[in-house]
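**Q** The structure follows.
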Amino acid sequence: MKNNISFDSELKKDLKNPEFKKEFDKYNDQMNSAVALLTAREELGWTQSELAQKAHMPQSTIARIETGHNISVDKLSILASVMGKKLKISIS
1214 MKNNISFDSE LKKDLKNPEF KKEFDKYNDQ MNSAVALLTA REELGWTQSE LAQKAHMPQS
1274 TIARIETGHN ISVDKLSILA SVMGKKLKIS IS
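Numbered by the working numbering, the letters in the sequence shown go through residues 1214 to 1305 in order.
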């Protein structure tokens, strides 16, 4: 009989490693920011190109942010403002 290992149990075990947890948390924060931007943009019915044009930045910048790369508070703040949103940052 084959043993089934759940993702959640393996992740819980891996998160006990401080170095793994540090990298996981960094990646998770990036992806949460990316998903928030993507969701807000799609709720407006805008394409990446439309958002980029309104924000005066290249479409490739929007694409990088939405895939978890090149995320800066300055860029997110500009994009939030263009979409009529407010950027919230939480440290917990």
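Using N, Cα and C, we set each Cβ at its ideal position, and we do this for glycine too.
In the structure shown, what three-state DSSP assignment does residue 1285 receive?
**A** Locating residue 1285 in the sequence shown gives position 72, counting from the first residue. The answer is coil: DSSP assigns residue 1285 none of H, G, I, E or B.
**Q** In this structure, how does DSSP classify residue 1244 when only helix, strand and coil are distinguished?
**A** For the purposes of this step, residue 1244 is taken as the residue at position 31 of the sequence shown. Helix, per DSSP.
**Q** From which residue to which residue does the alpha helix (DSSP H) around residue 1305 run?
**A** Position 92 of the sequence shown, counted from the first residue, corresponds to residue 1305. Per DSSP, residue 1305 belongs to no alpha helix (DSSP H) and is neither H nor E.
**Q** Using the C-alpha atoms, what's the distance from residue 1226 back to residue 1217?
**A** Sequence index remark: in the sequence shown, residue 1217 carries index 4 (1-based). Sequence index remark: in the sequence shown, residue 1226 carries index 13 (1-based). Their backbone Cα atoms lie some 15 Å apart in a straight line.
**Q** What's the C-alpha gap between residue 1247 and residue 1231?
**A** By 1-based counting over the sequence shown, the position of residue 1247 is 34. By 1-based counting over the sequence shown, the position of residue 1231 is 18. Looking at the two C-alpha atoms, the distance is approximately 24 Å.
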